[in-house]
Amino acid sequence: MDVLSAMSDRQSARAYLSKPVKRADIEEIFNYAGQAPSAINLQPWEYVVVYGEEKNRLVQRLKKARAESKVSCGPGTENPLPDRFKNRSRQASAAMAPKIAEMGKEFNPFVEEGSCSFYGAPIAIIVTVDRIFPKIRYLDVGLSVSYLLLAAQAKGLATCPIGLISAYAQDIAEALDIPSNKEVILGIALGYADPQSPINQFKTGRENLDAYLRWYE
Ligand SMILES: Cc1cc2nc3c(=O)[nH]c(=O)nc-3n(C[C@H](O)[C@H](O)[C@H](O)COP(=O)(O)O)c2cc1C
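In short: position in the sequence shown from 1, add 22, done, that's my numbering.
This is the structure we're talking about:
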């Protein structure tokens with residue numbers, strides 16, 4: 023698969039087959055994630071792959087943490103978002119809502135519980151960055167995550183980035199022995215998408231170029 027097809031075909035998967043992912047395939051994907059560019063080649067990204075019994079234990083812990091604190095999916099901003107941003111989020115939710123209803127579930131519990139359980143994917147990935155770095159280095163980590171998502175797509179695998187779990191960073195750090203000098207910033211579900219599940223049968227829209235590109239000449 024060429025990189026442009028991977029970019030246009032990728033979408034977040036929220037239901038997975040139990041089919042295991044070969045360790046060699048996982049390593050190959052991470053080799054590509056490590057090819058991302060970074061400022062002065064710092065390569066600040068770090069990943070933890072969690073699978074099998076350890077993944078089940080992590081999911082149980084996250085579900086318990088969620089039940090106790092009830093964090094919901096949101097933009098993470100202090101001030102309300104301007105309408106143009108709100109509308110994009112609303113459109114994505116509107117595309118997802120009928121699929122969740124078709125599965126007989128309610129929207130918020132589906133997304134929140136689903137996020138905490140990596141949507142049943144066999145592999146849970148935790149992305150960390152050393153706290154020594156300023157926030158701008160998150161950009162470099164994001165580039166590596168992009169490479170990871172596209173490499174997975176090219177290998178016939180599916181992913182879903184999961185920011186919600188960063189609310190439970192302390193639980194994750196304790197469960198996975200992540201030292202306090204590392205910040206947990208993202209989770210990623212990885213596995214083979216269940217093509218039959220309604221939740222995998224919608225595609226989010228995107229703005230046209232004129233919404234985010236300005237020419238100055
Ligand atoms: C940084 C980041 C955090 C995200 N967090 C979550 C999450 O917690 N739960 C979830 O279901 N999807 C999450 N997503 C997936 C987005 O909802 C999804 O990427 C967006 O709606 C666009 O859809 P697409 O990935 O199918 O193109 C996240 C995506 C990114 C990039």
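Here a beta-carbon is modelled for each residue, glycine too, at the ideal position from N, C-alpha and C.
For the pair Gly56 and Ile145, the CB atoms are not nearer than the 8 Å cut-off.
Residue environment: Ile194 is assigned as buried (16 or more neighbouring CB atoms within 10 Å of its CB, all protein chains considered).
Looking at the DSSP output, Pro183 bridges to Ile210. Short note on Ile184: C-beta closer than 7 Å to some heavy atom of ligand 1.
Taking C-alpha positions only, Thr99 is separated from Arg159 by approximately 19 Å.
By the criterion of at least three beta-carbon pairs nearer than 8 Å, the stretch 165 to 181 is not in contact with the stretch 77 to 94. Between Ile221 and Arg36, the C-beta gap is smaller than 8 Å, which places the two residues in contact. Taking the Cα of Lys77 as reference, the smallest distance to any Cα among Ile148, Met29 and Ala114 is reached at Ile148.
With a threshold of 7 Å, the Cβ atom of Ala119 does not count as near ligand 1, since no heavy atom of the ligand is closer than that.
Within the same chain, Cβ atoms closer than 8 Å to the Cβ of Glu124 are found at Pro220, the five residues on either side in sequence being excluded. Closer than 7 Å to some heavy atom of ligand 1: that does not describe the Cβ of Leu84.
Shortest gap from the CB of Arg159 to any heavy atom of ligand 1: 7 Å or more. Taking a C-beta distance under 8 Å as the contact criterion, Ser34 and Pro183 qualify as a contact pair. The criterion of a C-beta distance shorter than 8 Å is satisfied by Cys138 and Leu84. When beta bridges are read from the DSSP output, Glu68 appears opposite Thr150. Relative to ligand 1, the beta carbon of Ser137 is positioned inside 7 Å of a heavy atom.
If you look at Ile221, you'll find it isn't in any alpha helix (DSSP H); DSSP assigns it neither H nor E. With contacts defined by Cβ atoms closer than 8 Å, Pro66 and Val167 do not form a contacting pair.
For Leu208, the shortest separation between its Cβ and any heavy atom of ligand 1 lies below 7 Å. Shown here for Ala143: same chain residues with a beta carbon closer than 6 Å to its own, the five before and five after excluded, namely Tyr38, Ala211, Leu212 and Gly213 in chain order. Short note on Val149: C-beta not closer than 7 Å to any heavy atom of ligand 1.
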